[in-house]
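Residue numbers (our numbering): 444 to 751. We treat Cβ as the ideally placed atom computed from N, Cα and C, and that holds for glycine.
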């Protein structure tokens, strides 16, 4: 992937955030650094609202880098809520909320589906019901215990909350951006799984040789490299509804495959709590079910193909 100078600077800044994931799925210090010094929350937001207007490519670059380190920060939640606001037909609401998000003053989350990423740590809660967007005050959020301890998911009870209608937005655009952003995150995780596996097999000695020198393992890792690169291509091409669905399916399957191979090629050490392998494995399987399962997106792709 060819990067512009601005993207290379952004990637270099994000690579300084190499950390071991913390539980239970939120690193406040890292999030403060990302939104305050690096400005990741304003990438999608146009300059007229205080952002940089960097576009989807910059967002995916950030998501890929965060996926590499399983960063427990509410970037995905911020992306969803921001997209819902950007598509909103109420300019007053955009002018009130987007500059605060871009400046890192507030962290938003979007109630859209049964499980809401990072709802309990959000400063602004938005509800997407059909194509109607509302601001929510007084909701009760409860963090869920999930398989993936690095992803914070919540249930949100709005039965006693105050809803302030903001206007109409585009749920299809929200869904497609969610799939594109998640696909990039999955690519980052899969790429890191492969890197860790190559590193381990290069230093693990058996029968007097590094096991990575055995041709059978070299072939397996070459196949994984091809999978990661095709997943990256699919993610970067996710600029239409159909391509976003394809990226969601392919990147979900690739991440699960590469994470599983990492477990096998690391051997017994990979199933210990101290090793990161299990965290990537859990993130891979948990991510596959966000914003619709691969099977659901395959059905959507099939409908498009049948209707021409």
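The continuous stretches of alpha helix (DSSP H) do not include residue 532, and DSSP gives it neither H nor E. Runs of the alpha helix (DSSP H) lying entirely within the stretch 533-602, each at least 4 residues long, are 534-545 in chain order. Distance from the Cα of residue 644 is smallest, within the candidate group 536, 745 and 710, for 710. The C-alpha of residue 454 is placed about 14 Å away from the C-alpha of residue 514. Membership of residue 606 in the beta strand (DSSP E) is indicated by the continuous run 605-611. Between residue 631 and residue 509, the beta carbon gap of about 7 Å places them in contact (Cβ cut-off 8 Å). In this structure, the alpha-carbon of residue 734 lies about 18 Å from that of residue 516.
For residue 621, no pairing in a beta bridge is given by DSSP.
For the set 648, 603 and 578, the Cα lying nearest the Cα of residue 612 is the one of 578. In terms of Cβ geometry, residue 674 and residue 689 do not form a close pair [threshold 8 Å]. Counting only runs of 4+ residues, the alpha helix (DSSP H) found wholly inside the stretch 657-731 occupies 658-679, 684-709 and 720-730, in chain order.
For residue 697, the closest alpha carbon among the candidates 743, 542, 562 and 667 is that of 667.
Distances from the CA of residue 745 to each of 684, 589, 705 and 729 were compared; the closest alpha carbon is that of 684. In terms of CA proximity to residue 692, 625 leads the group 499, 478, 625 and 533.
The shortest CA-to-CA distance from residue 672 to any of 566, 701, 657 and 545 is the one to 701.
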